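Student: Take a look at the following structure, please.
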Amino acid sequence: MTDTRLTFKEMCARFDVTPRTLRYYEYIELLAPEREGRARFYGPREIARMTLILRGRRFGFSLEELRQWLLIYQQQGTRPQLEAWIGLADRQLAELARQRDELDVTIADLQALRETAVKELGES
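With our numbering applied, the sequence shown has no gaps in its numbers, which climb one by one up to 125 at the end.
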């Protein structure tokens with residue numbers, strides 16, 4: 002693999018994604034590889050975008066949110082993109098905190114139910 006251009010197969014391997022996933026990201030215009038005949042090549046821009054896409058997915062952002070966010074840079078530049086990112090991050094942090102709170106309640110309920118079952122076994 003080279004550092005400046007990756008083939009389709011190398012891109013899949015580097016990011017541990019399926020060919021179907023990579024083609025889908027191209028289809029929805031998240032990635033735009035260079036084409037030479039039927040071959041696709043991914044340069045530094047596409048590699049950086051793929052890193053951002055996968056990181057964004059890990060944080061829980063939708064592909065459409067990521068696509069719109071990447072478009073901001075193309076159309077308006079860095080500052081508006083960073084401002085949009087702060088808003089997206091704030092919203093997602095609040096959602097993740099809400100999910101964590103729900104999970105804490107669920108864990109506490111399950112622990113209490115387990116303790117009740119252990120007590121019942123001890124009494125019989």
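C-beta atoms are modelled at their ideal positions from N, C-alpha and C, and glycine is treated no differently.
None of these values were measured; they are calculated from a predicted model.
Shortest alpha-carbon distance to residue 75 belongs to which of 55, 57 and 50?
Tutor: If we check each option's Cα against that of residue 75, 50 comes out closest.
Student: Does the stretch 111-120 come within contact of the stretch 78-89, defined as at least 3 CB pairs closer than 8 Å?
Tutor: Verdict: no, contact absent.
Student: Under 7 Å, do residue 31 and residue 54 count as touching if we go by C-beta distance?
Tutor: Yes, the pair counts as a contact, with Cβ atoms nearer than the cut-off.
Student: Which first and last residues belong to the beta strand (DSSP E) in which residue 62 is found?
Tutor: No beta strand (DSSP E) contains residue 62, which DSSP labels as neither H nor E.
Student: Looking only at its chain, what residues have a beta carbon closer than 8 Å to the beta carbon of residue 67, apart from the 5 residues adjacent to it on each side?
Tutor: Once the five neighbours on either side are set aside, the close Cβ partners of residue 67 are 31, 53, 54, 57 and 58.
Student: Are the Cβ atoms of residue 34 and residue 24 separated by less than 7 Å?
Tutor: Against a cut-off of 7 Å, the Cβ pair of residue 24 and residue 34 comes out as no contact.
Student: List the DSSP bridge partners of residue 28.
Tutor: In the DSSP output, where bridge partners are listed per residue, residue 28 has none listed.
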